[in-house]
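Reminder that position 6 of the sequence shown reads as 7 in the working numbering, one-by-one numbering, no gaps.
Ideal Cβ placement from N, Cα and C applies to all residues, glycine included.
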Amino acid sequence: MMLYQPFNLHLAHQQGSWYNEPRYLVDHKQLLEALKYCRKCACYTNVESTYRDGGYIKMTAVCDSCRHVIRNLYSHNMTAVQQALDAEHIDFSRDGRFDTPGHSALYSTYTLMDVKSSLIVASQLVKVTETTSSQAMEKEGLIRCRREVEDAGVCIGSLTTDQHIMIAPYMRKEWTELTHYFDLWHIAKNLKKKLCEFASVAANRVVGHWSETIIRHLYHVVVNTEPGSQLRIE
Ligand SMILES: [Zn+2]
């Protein structure tokens with residue numbers, strides 16, 4: 002692949018079209034040429050997105066043939082997993098992951114896991130442009146995973162999530178028949194963060210020495226409390 006071609010104005014006028022092409026360190030057309038074939042199966046690819054920021058350019062080329070194979074394999078495996086679930090009511094836990102931390106994420110993957118077997122039962126990819134904000138991707142991921150498992154005929158018994166600002170209201174208003182639990186690890190993490198902030202003031206420094214003990218006590222209380230009891234977190 003030729004990455005550099007000397008600019009010749011006379012030749013450019015003669016050849017016409019590439020003279021008006023956007024130019025980076027290499028010609029746009031040459032970049033497309035470099036991405037034209039899939040490196041795995043040698044089929045044609047589609048350049049789906051081009052992102053440009055100053056001298057930086059990012060292009061995504063997707064091979065239809067490979068994508069087709071991966072999609073078929075994914076659906077085949079997911080169907081096998083969904084059919085293998087043996088309980089009448091499955092207890093799910095979830096995880097949402099983002100490509101970037103903070104509030105500037107572009108993509109999020111949302112996953113539902115069967116707590117008993119640790120099998121991943123549904124997984125959905127959400128792009129921020131499909132929602133109103135990066136915060137809203139998590140709720141959209143949950144809605145799509147719910148649709149996926151319900152379409153597969155899986156009966157959901159309970160769902161354990163973190164205290165995400167948009168998930169809890171969704172569960173309260175639109176999935177009322179489901180038992181909703183908060184995940185203890187996230188509760189402990191949030192409580193520890195608040196204790197650390199509180200202890201950062203000189204007058205409250207002693208609380209910092211107790212924070213590990215307070216978190217251990219929280220685990221102790223939850224683990225040794227009868228199911229159905231309410232734990233109040235404020
Ligand atoms: Zn391919």
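According to DSSP, residues forming a beta bridge with residue i
i: Ala-43; result: Per DSSP, none; premise fails for Ala-43.
i: Ile-71; result: DSSP, once it has assigned bridges, lists no residue as partnering Ile-71.
i: Val-48; result: Ala-62
i: Val-127; result: Ser-109
i: Phe-183; result: Thr-162
i: Ser-94; result: Met-114 and Thr-161
i: Asp-54; result: Tyr-57
i: Ile-121; result: Met-114
Residue i beta carbon near ligand 1 (any heavy atom closer than 7 Å)
i: Lys-59; result: no
i: Ala-94; result: In the sequence as displayed, the identity of residue 94 is Ser instead of Ala. No; taking the cut-off as 7 Å, the Cβ of Ser-94 has no heavy atom of ligand 1 nearer than that.
i: Lys-37; result: no
i: Ser-66; result: yes
i: Cys-42; result: yes
Host alpha helix (DSSP H) of residue i (start-end)
i: Ser-109; result: First-last for Ser-109: 108-115, but that is the beta strand (DSSP E), not the alpha helix (DSSP H).
i: Ser-212; result: 206-224
i: Tyr-171; result: 168-175
i: Ala-203; result: Premise fails: Ala-203 is in no alpha helix (DSSP H) and is neither H nor E.
Item to check | Length-filtered (3 minimum) beta strand (DSSP E) runs lying within the stretch 129-165 | outcome: 157-162
Item to check | Meets three-Cβ-pair contact criterion under 8 Å: the stretch 74-89 and the stretch 133-147 | outcome: no
Item to check | Contact the stretch 178-191 vs the stretch 210-230: 3+ CB pairs below 8 Å | outcome: yes
Item to check | Contact between the stretch 59-67 and the stretch 27-42 (3+ Cβ pairs under 8 Å) | outcome: yes
Checklist entry - Counting Cβ pairs, one atom from each stretch, are 3 or more of them under 8 Å apart for the stretch 196-205 and the stretch 125-133? => result no
Checklist entry - If you pair each beta-carbon of the stretch 82-102 with each one of the stretch 112-120, do three or more pairs fall below 8 Å? => result yes
Next on the checklist: Three Cβ pairs or more, each shorter than 8 Å: is that satisfied between the stretch 199-211 and the stretch 168-175?
Outcome noted: no
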